[in-house]
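Worksheet for the structure shown next.
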Amino acid sequence: MTAPVLVPTQPGIAATAETPACEFINVGKQFGAVKVLRDVSLEVKRAEKLALIGPSGSGKSTLLRTLMTQTIDAGEIKVNGETLSHGSWPSEQQRSDGQAARARRRRIGMVFQQFNLFPHMTAAENVAVSPRKVLGLPRKEAAERAQKYLAMVGMDAKSNELPSRLSGGQQQRVAIARSLAMEPEVMLFDEVTSALDPELVGEVLGVLRKLGEESNLTMLLVTHQMEFARSFAHRVAFLWQGQIHEVAEAKSIFDNPSQDRTRQFLHAVLEAR
160 MTAPVLVPTQ
170 PGIAATAETP
180 ACEFINVGKQ
190 FGAVKVLRDV
200 SLEVKRAEKL
210 ALIGPSGSGK
220 STLLRTLMTQ
230 TIDAGEIKVN
240 GETLSHGSWP
250 SEQQRSDGQA
260 ARARRRRIGM
270 VFQQFNLFPH
280 MTAAENVAVS
290 PRKVLGLPRK
300 EAAERAQKYL
310 AMVGMDAKSN
320 ELPSRLSGGQ
330 QQRVAIARSL
340 AMEPEVMLFD
350 EVTSALDPEL
360 VGEVLGVLRK
370 LGEESNLTML
380 LVTHQMEFAR
390 SFAHRVAFLW
400 QGQIHEVAEA
410 KSIFDNPSQD
420 RTRQFLHAVL
430 EAR
């Protein structure tokens, strides 16, 4: 991982070095009568590593997904200063294959809890398919890119293996390489170790740590791995019932949280370990 992983801002986007990588401005989202996100505002700096923590059902994963395909009901989301989604837009416009959708695919990558690899494709083919189909890269160039990013996650020796012959940790590393192969500016990680056996968690967290140290990607991750969040993230945001209750530097929020809810959550989680 010798070169930073960052795609330059696309032409026509008036962004500066001070422009946040992404912004959530009074974002709201509900499913039926349930308000999952309520008036969420958050700025994420370029190259920042930000961890989202909180109890299950607090809106962490939904917040990540609003940067991808999840529509919003209120507020605005910006990437590099450009509006990506707006609560006043109809759902069809938010989901369309127009400018906003293309921007999502080009600038934002996401790795999910489940690996979602194509079972009939090798590791290399899984990584190469999106650069070919979405970016239009020639087959040879896409294959070379796949090998590059498989090497980054330590999976180049397994490039010709089918997912069924890989461990859960290895499959998740291939999934990370697949997202990196789109060369995004922002990477989202949604509980990427939750489906793994305990002995495999470390290898995936090691890949994330190396990626954070050796690239200038902006990284947002939802995690219940508190020790990792503390040592990896620049800042940590604590969500409770669809709202951000506290955002602070990682050391500060773990050593001296300012909100009672944050303190109670961390005490319960850390005491249980």
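My numbering puts the first residue of the sequence shown at 160, with every later residue one more than the last.
C-beta atoms are modelled at their ideal positions from N, C-alpha and C, and glycine is treated no differently.
**Item:** Neighbourhood of residue 387 by C-beta distance below 6 Å, restricted to the same chain and skipping five residues each side
**Value:** Residue numbering aside, residue 387 sits at position 228 when the sequence shown is read from its first letter. 364, listed in sequence order.
**Message:** Please tell me whether residue 397 and residue 212 are closer than 8 Å, where the distance is taken between their beta carbons.
**Reply:** Here the question's residue 397 lines up with position 238 in the sequence shown. Here the question's residue 212 lines up with position 53 in the sequence shown. Cβ atoms of residue 397 and residue 212: closer than 8 Å.
**Prompt:** I think residue 197 touches residue 402, with their Cβ atoms under 8 Å apart; what is that distance to the nearest whole Å?
**Reply:** Taking the first residue of the sequence shown as position 1, residue 197 is located at position 38. Taking the first residue of the sequence shown as position 1, residue 402 is located at position 243. Going by Cβ atoms, the distance from residue 197 to residue 402 rounds to 5 Å, so yes, they are a contact pair.
**Prompt:** Which residue comes first and which comes last in the alpha helix (DSSP H) that contains residue 414?
**Reply:** Locating residue 414 in the sequence shown gives position 255, where the first residue counts as 1. From DSSP, the alpha helix (DSSP H) with residue 414 extends over 409–414.
**Asked** Just curious, the beta strand (DSSP E) that residue 377 is in, first and last residue?
**Response** Position 218 of the sequence shown, counting from 1, holds the residue named residue 377. Residue 377 -> beta strand (DSSP E) spans 377–381.
**Message:** On a Cα-Cα basis, can you pick out the residue from 232, 381 and 270 that is closest to residue 340?
**Reply:** As a first step, residue 340 must be located in the sequence shown, where it is residue number 181. Per the Cα distances, 270.
**Asked** Is the distance from the Cβ of residue 237 to the Cβ of residue 393 below 8 Å?
**Response** One-based indexing of the sequence shown puts residue 237 at position 78. One-based indexing of the sequence shown puts residue 393 at position 234. Cβ atoms of residue 237 and residue 393: not closer than 8 Å.
**Proximity of residue 178 and residue 240 at Cβ, strictly below 8 Å** = As a first step, residue 178 must be located in the sequence shown, where it is residue number 19. As a first step, residue 240 must be located in the sequence shown, where it is residue number 81. Contact flag set, yes.
**Item:** Stretch-stretch touch, CB-based, cutoff 8 Å, three pairs: the segment 285–292 with the segment 357–373
**Value:** no
**Request:** Give a yes or no on whether 8 Å exceeds the smallest Cβ distance from residue 303 to chain D.
**Result:** Here there is only one protein chain, and chain D is not present.
**Item:** CB contact flag (residue 276, residue 343, <8 Å)
**Value:** Your numbering for residue 276 matches position 117 in the sequence shown. Your numbering for residue 343 matches position 184 in the sequence shown. No, they are not a contact pair.
**Request:** Using alpha carbons as the reference points, say which of 206, 181, 217 and 184 lies closest to residue 193.
**Result:** Numbered from 1 along the sequence shown, position 34 holds the residue referred to as residue 193. Of the candidates 206, 181, 217 and 184, the one whose C-alpha sits nearest the C-alpha of residue 193 is 217.
**Request:** Can you have a look at residue 350 and say buried or exposed, based on whether 16 or more other CB atoms are within 10 angstroms of its CB?
**Result:** What you label residue 350 is simply residue 191 of the sequence shown in a count that begins at 1. Buried, by the Cβ-count rule.
**Prompt:** Is DSSP giving residue 269 helix, strand or coil here?
**Reply:** As a working note, residue 269 is residue 110 in the sequence shown. DSSP places residue 269 in strand when its eight states are reduced to three.
**Request:** Just grab the DSSP bridge partners of residue 242 for me.
**Result:** For the purposes of this step, residue 242 is taken as residue 83 along the sequence shown, with counting starting at 1. According to DSSP, residue 242 bridges with 237.
**Start-to-end residues for the beta strand (DSSP E) that takes in residue 342** = As a working mapping, residue 342 is identified with position 183 in the sequence shown. Unbroken run through residue 342: none, as it is neither H nor E.
**Request:** Could you pull out every residue in the same chain whose Cβ sits closer than 7 Å to the Cβ of residue 335, ignoring the five residues on either side in sequence?
**Result:** Mapped onto the sequence shown, residue 335 falls at position 176. Excluding residues within five positions, the ones whose Cβ falls inside 7 Å are 270, 312 and 366.
**Prompt:** By the 10 Å Cβ neighbour count, where 16 or more other Cβ atoms means buried, how is residue 337 classified, buried or exposed?
**Reply:** By one-based count along the sequence shown, residue 337 stands at place 178. Its Cβ being crowded by 16 or more others within 10 Å, residue 337 is buried.
**Item:** Helix, strand or coil at residue 293 [DSSP, three-state]
**Value:** Residue numbering aside, residue 293 sits at position 134 when the sequence shown is read from its first letter. Residue 293 falls in the coil class under three-state DSSP.
**Request:** Pull up the distance between the alpha-carbon of residue 315 and that of residue 329, whole angstroms please.
**Result:** The count along the sequence shown starts at 1 and reaches residue 315 at position 156. The count along the sequence shown starts at 1 and reaches residue 329 at position 170. Whole-angstrom Cα-Cα distance: 11 Å.
**Request:** Over the uninterrupted alpha helix (DSSP H) stretch that includes residue 220, give me the two end residues.
**Result:** Walking along the sequence shown from the start, residue 220 turns up at place 61. 219–224 is the extent of the alpha helix (DSSP H) around residue 220.
**Prompt:** Which of helix, strand or coil does DSSP assign to residue 288?
**Reply:** On the sequence shown, position 129 is the one that residue 288 refers to. Looking at residue 288 - three-state DSSP - the assignment turns out to be helix.
**Asked** Since residue 307 is in the alpha helix (DSSP H), which residue starts that stretch and which ends it?
**Response** Translated into the one-based positions of the sequence shown, residue 307 becomes position 148. Unbroken alpha helix (DSSP H) run through residue 307: 298–311.
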